[in-house]
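**Student:** Just so you know, this note's numbering puts 1064 at position 261 of the sequence shown, and the rest follows in order with no gaps. Ideal placement from N, C-alpha and C gives every residue a C-beta, glycine not left out. After the structure tokens below, expect a handful of questions from me.
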Amino acid sequence: MTQQVAVIGSINVDQILHIQNLPQPGETIEMTAFSKAAGGKGANQAVAAARLGAEVAFIGSVGDDANGQFMHQVLTDAQLDLTGVSVNPQEATGQAYILLQATGQNSIIIQHGANYALTAEQVRSQASRLQNADTTVAQLEVPIPAICTGFELAHEAHRLTILNPAPAQDIPEALLQLTDIIVPNETESTKLTGIAIDQPDGLRANATWFHQQGVPAVIITLGEQGAYVSTRDVASQVPAFPVKAVDTTAAGDTFIGALAAQLQPDLSNVISAVRFASMASALAVQQNGAIPSIPTLTQVNQALHQ
């Protein structure tokens, strides 16, 4: 049965600066190349969920500009339901400036633009889509009141909510209590909990902290080390698939979109869903760009069965 997924999130155009290494203070360096791609955590996760088998409704905001038109076309081509994407004439479409090193690692600077103008009222206007979705996904590149409203609507219909706390920031207690699954990476988890991952029992201590805040399920992504899963029934580290990374820009977003597309509401398949999401992420990092790198359902299934 096809999963129905709603994503409340950001829409950015990625301006990618290809460089050998990050510049030191006072240093001037040359780009080896420049490229532009569709991105934004929300858009990446929505496209990932759609490519990996889900039907996806997107809720977000773009500016009335060329970048907004570009993103609308990209998301239309990805076969998303864009009824919930509003056009804000007062704000520019969000942009991300990505410093992509030769190693494949990246550093990102965000201009939020229209993403930060998304309102709770705009989200509430999409109540039927949120309440018909099996899972609602959000990140922290749009205002928290908008996310809280979306998660409240999802919970009213007894639907699953997934929060990607990126970029890491203080999260209100109310939002944590509306979150069924939180999916930080190891840096974000440490920043939120104050507990180092690399100490003995650090992963379990991080997960316990989130559980104490009212979050039933925790999935901490660990890059090359895989992902740590903690629910009422499971506490396990799922290994990653070893690959040579070319560009890690959409790795985490691909993981979350894949997870949303696969996860059953009762979390009974959480380990297999995380394994699927890890393979999707492994395939994504072998290609350049954010949305252009996200694999299809067929590609992931073929890779898993090799």
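Give the secondary structure of Asn1091 by DSSP, where H, G and I count as helix, E and B as strand, and everything else as coil.
**Tutor:** In this structure, Asn1091 counts as coil in the three-state DSSP scheme.
**Student:** Can you tell me whether Ala1169 is helix, strand or coil according to DSSP?
**Tutor:** Here the chain covers residues 804 to 1109 and nothing more, so residue 1169 does not appear.
**Student:** Quick one: is Gly1060 buried, meaning 16 or more other Cβ sit within 10 Å of its Cβ, or exposed?
**Tutor:** Buried: at least 16 other Cβ atoms inside 10 Å.
**Student:** Just the Cα atoms here: how many angstroms apart are Gly1029 and His961?
**Tutor:** The straight-line gap from Cα to Cα measures roughly 30 Å.
**Student:** Measuring straight from C-alpha to C-alpha, what distance separates Ser813 and Asp1036?
**Tutor:** Answer to the nearest angstrom: the Cα atoms are 33 Å apart.
**Student:** Over the uninterrupted beta strand (DSSP E) stretch that includes Asn935, give me the two end residues.
**Tutor:** No beta strand (DSSP E) contains Asn935, which is instead part of the alpha helix (DSSP H) from Ala930 to Asn935.
**Student:** How many Å lie between Ala1038 and Leu885 at the Cα?
**Tutor:** Taking the straight line joining both Cα atoms gives about 37 Å.
**Student:** For Gln1071, count the other beta carbons within 10 Å of its own beta carbon; 16 or more makes it buried, fewer makes it exposed. Which is it?
**Tutor:** The question names Gln, but residue 1071 is Ser in the sequence shown. So Ser1071 counts as exposed.
**Student:** By the three-class DSSP mapping on this structure, what secondary structure does Phe1013 have?
**Tutor:** In this structure, Phe1013 counts as helix in the three-state DSSP scheme.
**Student:** Run the CB neighbour count on Asp1069, radius 10 Å, all protein chains shown included, and call it buried at 16 or more, exposed below.
**Tutor:** Its Cβ having fewer than 16 others within 10 Å, Asp1069 is exposed.
**Student:** For Asn1072, name the three-state secondary structure that DSSP assigns.
**Tutor:** DSSP places Asn1072 in coil when its eight states are reduced to three.
**Student:** Considering only the alpha carbon of each residue, which of Val1103, Ala1063, Ile985 and Thr1099 lies closest to Thr938?
**Tutor:** Among Val1103, Ala1063, Ile985 and Thr1099, the Cα nearest to that of Thr938 belongs to Ala1063.
**Student:** Hey, how far is the Cα of Ala930 from the Cα of His1108?
**Tutor:** If I take the Cα positions, the gap works out to 39 Å.
**Student:** Taking the beta carbon of Leu943 as the centre, do at least 16 other beta carbons fall within 10 Å, making it buried, or is it exposed?
**Tutor:** Classification of Leu943: buried, given that the 10 Å Cβ count is 16 or more.
**Student:** Going by beta carbon distance, what residues of the same chain come within less than 6 Å of Gly1092, once the five residues before and after it are set aside?
**Tutor:** Around Gly1092: Ala840.
**Student:** Helix, strand or coil for Thr990 per DSSP?
**Tutor:** Here Thr990 sits in helix by DSSP.
**Student:** Please confirm whether Ser838 and Ser864 have their CB atoms less than 8 Å apart.
**Tutor:** Going by C-beta atoms, Ser838 is not nearer than 8 Å to Ser864.
**Student:** Tell me His821's beta-bridge partners as DSSP assigns them.
**Tutor:** His821 pairs with Ala836 and Leu903.
**Student:** Between the beta-carbon of Ala1080 and the beta-carbon of Gln1090, is there less than 8 Å?
**Tutor:** No; because the gap between Cβ atoms is not below 8 Å, this pair is not in contact.
**Student:** Buried or exposed: where does Asp817 fall if 16 or more other Cβ atoms within 10 Å of its Cβ makes it buried?
**Tutor:** Asp817 is buried by the Cβ-count criterion.
**Student:** Which whole-angstrom value describes the C-beta separation of Ala957 and Gln934, a residue pair presumed to lie in contact below a C-beta threshold of 8 Å?
**Tutor:** That belief holds up - the Cβ atoms of Ala957 and Gln934 are roughly 7 Å apart, short of 8 Å.
**Student:** Excluding the five sequence neighbours on either side, which residues of its own chain have a C-beta within less than 6 Å of the C-beta of Val1021, listed in chain order?
**Tutor:** Within the same chain, Val1021 has close Cβ partners Ile985, Ala1010, Phe1013 and Ser1033.
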